[in-house]
Amino acid sequence: MEIPYTVKPRPDTGLYNGKLGIWLFLASEVMLFGALFSSYVLLRVGAEPGTWSMGLMNITVGAGNTMVLIASSMFVVLAWAELKQGNLAGYKKWKWATIACAVLFLVVKWSYEWPEKFKHYDIWLNDTKVLHGKFEKGYHATASREGKSAEEHVNGFYTKRFFKEESKLSNDNFDKAWTNGTLALQGHINAYEEAQINVEVTGWKADAGVSEADAEKVLAKLNAAGSATALLKDGGTVKEKVGYDEAKRAEYALGQAGFEVALRVEDYEKVPAHPWVWRTKRVNEDIGGKPRVRSIFLGLDHSDDGEGHHEEIEIETRHISRLSAFEPKHSTFFGIYYTITGLHAAHVFGGIIVMLYNMLPIGLALWHKDREQFTNRIETFGLFWHFVDLVWIFLFPILYIL
Amino acid sequence: MSDSHDSPDFIQHLIRLFYMVGGVLVAGTLITVLIDVLFHMPLPLAAFIGLSIALVKAGFVVAVFMHYKWDKKLIMITWTMVLTFIFFAGMMGLIMWAEGDAPKLNRAEMSIYWVVAAALLGFALPASFTVLTVKLLSQPAPVEAPAPKAKRVAKKKKR
Numbered sequence: 009m010e011i012p013y014t015v016k017p018r019p020d021t022g023l024y025n026g027k028l029g030i031w032l033f034l035a036s037e038v039m040l041f042g043a044l045f046s047s048y049v050l051l052r053v054g055a056e057p058g059t060w061s062m063g064l065m066n067i068t069v070g071a072g073n074t075m076v077l078i079a080s081s082m083f084v085v086l087a088w089a090e091l092k093q094g095n096l097a098g099y100k101k102w103k104w105a106t107i108a109c110a111v112l113f114l115v116v117k118w119s120y121e122w123p124e125k126f127k128h129y130d131i132w133l134n135d136t137k138v139l140h141g142k143f144e145k146g147y148h149a150t151a152s153r154e155g156k157s158a159e160e161h162v163n164g165f166y167t168k169r170f171f172k173e174e175s176k177l178s179n180d181n182f183d184k185a186w187t188n189g190t191l192a193l194q195g196h197i198n199a200y201e202e203a204q205i206n207v208e209v210t211g212w213k214a215d216a217g218v219s220e221a222d223a224e225k226v227l228a229k230l231n232a233a234g235s236a237t238a239l240l241k242d243g244g245t246v247k248e249k250v251g252y253d254e255a256k257r258a259e260y261a262l263g264q265a266g267f268e269v270a271l272r273v274e275d276y277e278k279v280p281a282h283p284w285v286w287r288t289k290r291v292n293e294d295i296g297g298k299p300r301v302r303s304i305f306l307g308l309d310h311s312d313d314g315e316g317h318h319e320e321i322e323i324e325t326r327h328i329s330r331l332s333a334f335e336p337k338h339s340t341f342f343g344i345y346y347t348i349t350g351l352h353a354a355h356v357f358g359g360i361i362v363m364l365y366n367m368l369p370i371g372l373a374l375w376h377k378d379r380e381q382f383t384n385r386i387e388t389f390g391l392f393w394h395f396v397d398l399v400w401i402f403l404f405p406i407l408y409i410l
Numbered sequence: 167m168s169d170s171h172d173s174p175d176f177i178q179h180l181i182r183l184f185y186m187v188g189g190v191l192v193a194g195t196l197i198t199v200l201i202d203v204l205f206h207m208p209l210p211l212a213a214f215i216g217l218s219i220a221l222v223k224a225g226f227v228v229a230v231f232m233h234y235k236w237d238k239k240l241i242m243i244t245w246t247m248v249l250t251f252i253f254f255a256g257m258m259g260l261i262m263w264a265e266g267d268a269p270k271l272n273r274a275e276m277s278i279y280w281v282v283a284a285a286l287l288g289f290a291l292p293a294s295f296t297v298l299t300v301k302l303l304s305q306p307a308p309v310e311a312p313a314p315k316a317k318r319v320a321k322k323k324k325r
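Protein sequences, first through last, are from chains A and B.
In terms of my numbering, the numbers along the first sequence are unbroken and rise by one, the last being 410.
In terms of my numbering, the numbers along the second sequence are unbroken and rise by one, the last being 325.
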């Protein structure tokens, strides 16, 4: 079927159909992003003082990405201008530049900016006294170097971080958040103290349907410390100072073999943890309840001892009321941040696919068939791409700066 | 792009404009960042400056990159966008009306003058955009013979 008016404007609309189509699509996009922008404004205006986690963004990266997107927006329109002059080679040059910019934008976002957020943690402590103590310890070095008291330093830093304005008003907000305990320590989790557990058996039920020989086999498989017969008869320690996962596995195996098992925390061992490892192991889910992790070691950001080391402080899990990386669940701010930037990134990704299609022989075939129609196709894509740029032009100040 | 603007000279003129607008956008971003780094100002003022710069940048993108400036004839686009805005504003108004008690726009911490200023700005900017668009549209069309239309009519007759 021949689609009408792909080159010449339709008399009643004054546009070729593709152009009207893309503008209608953009109108729907305006509403989609507009709704999210409005949600952002409503959520922010309605937030309690001290709960809007602003100032955590990396402005340099954000501004750099803005530049990249602006450049790509310029390249895509230059590519169209080359086509208009009948220069396919020039089109290809600018189009590759556009694709390079788009890919760079996504690479920066998905391999640096977001992952960097995922390994930064906020730790809210459930006692204001503990909070004060940790602040003073953690931020002492930097504070003394600048000739400020620890409190002044922390106050200034957190005022900026949460409220982004140096006025009397924001200090009030800071004080409120400080007293409510809604402020959080920020940093990387460098290590944690993991429980070393003794696995003990307290008895063996002969009527559990497992033969003595089989039970002994289970003990042998677990490399039990004592002799199998003695363990069967009187009980005793099967494993000493093992990790949580191993202890749980042994508990299950022994339970299946008819033993009554008891796990006892014998000692704690400091385990160095790369922020990523910490995250993937999900040890943090246990925080608070079980004796598995007694304390974590937080490398504070914005605090070093003068030699470039981050001050590391130990925080006992019983003092922690909440712990979260800068993930969507961290706060309303990060929730809406990932929603909007994620949707925008999806648009960039879709744009890359369309651009690649228009660079491949299958897409270029149209150029050899009908040059004007191909030029119009590139123009309509350009309109979409400028819109994506436009969204980012508003996203950047709203999410990164204000 | 209307057909009268297809001359090579005009395309060259456009390309120069594209580079210029690219420069303006980069400058706008730099100014936004510099203002944030150099000064700490109350949020409403920062929002006003930041969003104003963003609006100027957006205006350049729409006018030049999307060559809206030369698409004066394209009343359909204008109506599409204006009606979208009215529809959207209406929907948001409905939500604000329904949820009237949830966000306290006149929080104690925020001066009422800023709220009024923000409201006026929020109304004035789209309104001025609409007025300007209508003004642009009411100008006489650029020198252009109704040739394409006539041609098409001729073709149709042939078929």
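Where a beta carbon is used, it is the ideal one built from N, C-alpha and C, also for glycine.
None of the values given here were measured: they were computed from a predicted structure.
Looking only at A:Met39, A:Gly358, A:Gln264, the smallest Cα-Cα distance to Phe251 of chain B is reached by A:Met39. The Cβ atoms of Thr195 of chain B and Met75 of chain A sit closer than 9 Å to each other. Here DSSP, grouped into helix, strand and coil, assigns His196 of chain A to strand.
Within its own chain, the residues whose Cβ lies closer than 6 Å to the Cβ of Val116 of chain A, once the five positions on either side in sequence are excluded, are Asn73, listed in chain order.
With contact defined as three or more Cβ pairs closer than 8 Å, the stretch 208 to 228 of chain A and the stretch 160 to 167 of chain A are not in contact.
Closest by C-alpha distance to Met247 of chain B, out of A:Gly70, A:Asp135, A:Leu32, is A:Leu32. Taking the Cα of Leu368 of chain A as reference, the smallest distance to any Cα among A:Trp122, A:Lys100, A:Leu23, A:Leu50 is reached at A:Lys100. Counting along the chain, Ala333 of chain A sits inside the beta strand (DSSP E) bounded by residues 328 to 333. For Trp88 of chain A, the enclosing alpha helix (DSSP H) stretches over residues 67 to 92.
By the C-beta density criterion, Lys337 of chain A is exposed, having fewer than 16 other C-beta atoms within 10 angstroms. Spatial neighbours of Pro12 of chain A in its own chain (CB-CB distance under 8 Å, excluding positions within 5 residues in sequence) are listed in chain order as Arg18, Asn25. By the Cβ criterion, the stretch 83 to 98 of chain A is not in contact with the stretch 204 to 216 of chain B, since fewer than three pairs of Cβ atoms, one from each stretch, lie closer than 8 Å. For Val273 of chain A, the enclosing beta strand (DSSP E) covers residues 267 to 280.
Counting only the Cα atoms, Tyr252 of chain A lies some 10 Å from Asn206 of chain A.
Under the DSSP definition of a beta bridge, Glu202 of chain A partners with A:Glu277, A:Val301. Under the Cβ criterion (8 Å, minimum of three pairs), the stretch 218 to 226 of chain A does not count as touching the stretch 269 to 286 of chain A. Contact between Thr190 of chain A and Thr325 of chain A does not hold, since the beta-carbon distance rounds to 20 Å and is not under 8 Å. Close CB contacts of Ala236 of chain A within its chain, under the 6 Å cut and outside five residues either way in sequence, are with Glu224, Leu227 (chain order).
Taking 7 Å as the upper bound on Cβ-Cβ separation, chain B lies near residues Leu86, Ala89, Lys92, Gln93 of the stretch 86 to 112 of chain A. Identification of chain A residues near Asp202 of chain B by a Cβ-Cβ cut-off of 8 Å yields Ile67, Ile409, ordered along the chain. One alpha carbon belongs to Ala238 of chain A, the other to Phe267 of chain A, and they sit about 13 Å apart. As computed with DSSP, Thr167 of chain A is found in no beta bridge at all. Excluding five sequence positions before and after Thr245 of chain A, the CB atoms of its chain that fall closer than 6 Å to its own CB belong to Asn206, Glu208, Ala233, given in chain order. Under the DSSP definition of a beta bridge, Val207 of chain A partners with A:Lys247, A:Leu271. DSSP lists A:Gly195, A:Ala333 as the bridge partner or partners of Tyr129 of chain A. The alpha-carbon of Leu364 of chain A is positioned some 18 Å away from that of Ala79 of chain A. Shortest Cα-Cα distance from Phe305 of chain A to any of A:Tyr48, A:Phe113, A:Asn198 involves A:Asn198.
Within the model, the alpha-carbon separation for Gly217 of chain A versus Lys249 of chain A is close to 30 Å. Around Ala212 of chain B, the beta-carbon contacts reaching into chain A at under 7 Å are Leu410. Here Ile30 of chain A is actually not in contact with Tyr408 of chain A; their C-beta atoms are around 29 Å apart, not less than 8 Å. Checking the DSSP bridge columns, you'll see Glu322 of chain A partnered with A:Phe305. Where Ala353 of chain A is concerned, the enclosing alpha helix (DSSP H) starts and stops at 340 to 367. Close to Pro405 of chain A, with beta-carbon spacing below 8 Å, are these residues of chain B in chain order: Thr198, Gly216, Leu217, Ile219, Ala220. Taking a Cβ-Cβ cut-off of 8 Å, the neighbours of Ile181 of chain B in chain A comprise Leu86, Ala89, given in sequence order.
Fewer than three pairs of CB atoms, one per stretch, sit closer than 8 Å, so the stretch 172 to 182 of chain B makes no contact with the stretch 384 to 402 of chain A. Glu259 of chain A has its alpha-carbon roughly 8 Å from the corresponding atom of Ala270 of chain A.
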